[in-house]
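J.:
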Amino acid sequence: MKAPGKHLLSKLFRNCAEPRGALGRLMLRMMNRGHRRVYAWTFDHCPLADGMRTLDVGCGGGGAILELARRFPAIRADAVDVSEESVAMCRRRVAAADIANPGEIIRGEAGALPMADATYDLAYAIETVYFWPDLVAGLREMLRVLKPGGAAAVAVECADPVASQEWVDLVGRMEVRTPEQIAEAFREAGFADVAFFRQETGRSALCGLHCIVGRKPAGEAA
Ligand SMILES: C[S@@+](CC[C@H](N)C(=O)[O-])C[C@H]1O[C@@H](n2cnc3c(N)ncnc32)[C@H](O)[C@@H]1O
937 MKAPGKHLLS KLFRNCAEPR GALGRLMLRM MNRGHRRVYA WTFDHCPLAD GMRTLDVGCG
997 GGGAILELAR RFPAIRADAV DVSEESVAMC RRRVAAADIA NPGEIIRGEA GALPMADATY
1057 DLAYAIETVY FWPDLVAGLR EMLRVLKPGG AAAVAVECAD PVASQEWVDL VGRMEVRTPE
1117 QIAEAFREAG FADVAFFRQE TGRSALCGLH CIVGRKPAGE AA
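Numbering-wise (this note's numbering), the sequence shown opens with residue 937 and increments by one.
Structural data, given as structure tokens:
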């Protein structure tokens, strides 16, 4: 039999994949705080400028949008998430922050984005691709909704299937890939100029910060 503390922790962390109910809301608040340095570091590696239109895929509780709006007040930041709880918290946080140019925050799945073709300058996905049923399908969707020449970024902390096992045990349904595997998925989806960045963090189960960035070829509309 599992110790009650461990059981509760596992129940909480199972909400990483798709936050639900009170534990889901708690997890979202924890991520909004715990991922702050991931948001900041990811945006340091993205081609960004004020006035751009961006899409957050798997937005969770909206922490990344608030960081973007702090850096670039005129950005219009749209977001999508499969979880009703995430969408509700993201909407609440964006409304409370009184952002100058708020975007649409809607429910949807990465593999079938409810957004029009060629709409965004940047689409990003932070700490979420582990949970997507099909990574290449999600990246193809990001490519479709980007303007020609636009960029996509995927950021992960778990990037070593062996070292991250302890984290996988806690979170449950989660697929950890190396940055090289994610970069390969970018190429398979049709991205060009795929590059990756890494920063050590000294936490073994979370294997540093990794950001994979690719560009939609300039001649492609959809
Ligand atoms: C670990 S949280 C990260 C949230 C946020 N990006 C952050 O860093 O704070 C993962 C989020 O991805 C969402 N998600 C999982 N699978 C998804 C999918 N297939 N399509 C869209 N969102 C998904 C979950 O509902 C959850 O809100």
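A virtual CB, placed ideally from N, CA and C, is assigned to each residue, including glycine.
As the structure is a computational prediction, the values presented were derived from the model and not from experiment.
#1: DSSP three-state label for Arg989, please.
#2: Determine whether the beta carbon atoms of Asp1017 and Thr990 lie at a separation below 8 Å.
#3: At what residues does the alpha helix (DSSP H) containing Gly1150 begin and finish?
#4: When we look at the beta-carbon of Asp1057 and count the other beta-carbons within 10 Å, is it buried (16 or more) or exposed?
#5: Going along the chain, which unbroken runs of the alpha helix (DSSP H) with 4 or more residues stay wholly within the segment 984-1059?
#6: Take Met967 as the anchor and find which of Gly1150, Ile1062, Gly987, Val1104 has the nearest alpha-carbon.
#7: When DSSP builds the beta bridges, which residues end up paired with Val1112?
#8: Which whole-angstrom value is the C-beta distance of Phe1122 and Leu1049, which I expect to be below 8 Å?
#9: For Arg972 and Arg1027, I'd like the C-alpha separation in whole angstroms.
#10: Are there any heavy atoms of ligand 1 lying less than 7 Å away from the beta-carbon of Pro955, as far as the coordinates show?
#11: Among Ala1031, Asp1096, Val1090, Leu959, whose alpha-carbon lies nearest the alpha-carbon of Phe1127?
#12: In the DSSP assignment, what residue or residues form a beta bridge with Arg1134?
#13: Give the straight-line distance between the Cα atoms of His981 and Val1092, rounded to the nearest whole angstrom.
#14: Pick from Ser1019, Leu984, Val1065: whose alpha carbon is nearest that of Arg1006?
#15: Measuring from the CB of Trp977, is there a heavy atom of ligand 1 at a distance below 7 Å?
#16: State the DSSP-derived secondary structure class of Met937, mapped to helix, strand or coil.
#17: Return the chain-ordered list of same chain residues with a C-beta closer than 6 Å to the C-beta of Glu1040, the five sequence neighbours on each side being excluded.
#18: When burial is assigned at 16 or more other CB atoms within 10 Å of the CB, is Arg1134 buried or exposed?
#19: In the DSSP assignment, the alpha helix (DSSP H) including Gly1171 goes from what residue to what residue?
T.: The structure says:
#1: The answer is strand: DSSP assigns Arg989 an E or B state.
#2: It is not a contact, given that the beta carbons lie outside the stated cut-off.
#3: First-last for Gly1150: 1145-1151, but that is the beta strand (DSSP E), not the alpha helix (DSSP H).
#4: Under this definition Asp1057 is a buried residue.
#5: If we require 4 residues or more, the alpha helix (DSSP H) runs fully inside the segment 984-1059 come out as 999-1007, 1020-1033.
#6: Ranking Gly1150, Ile1062, Gly987, Val1104 by CA distance to the CA of Met967 puts Ile1062 first.
#7: Its beta-bridge partners do not exist; DSSP assigns none.
#8: A Cβ-Cβ separation of about 16 Å leaves Phe1122 out of contact with Leu1049 under the 8 Å criterion.
#9: In this structure, the CA atom of Arg972 is about 18 Å from the CA atom of Arg1027.
#10: Yes, the beta carbon of Pro955 sits closer than 7 Å to at least one heavy atom of ligand 1.
#11: Nearest of Ala1031, Asp1096, Val1090, Leu959 to Phe1127, Cα basis: Val1090.
#12: Per DSSP, His1146.
#13: Whole-angstrom Cα-Cα distance: 13 Å.
#14: Taking only the C-alpha atoms, the option nearest Arg1006 is Leu984.
#15: The nearest non-hydrogen atom of ligand 1 is 7 Å or more from the C-beta of Trp977.
#16: Its pLDDT being 42, under 50, Met937 is placed unreliably in this model, and the coordinates cannot settle the point.
#17: Sequence-distant partners of Glu1040 (beyond 5 residues in either direction) whose C-beta falls short of 6 Å from its own C-beta, in its chain, are Asp1014.
#18: Its Cβ having fewer than 16 others within 10 Å, Arg1134 is exposed.
#19: Outside the shown range of the chain (937 to 1158) lies residue 1171, about which nothing can therefore be said.
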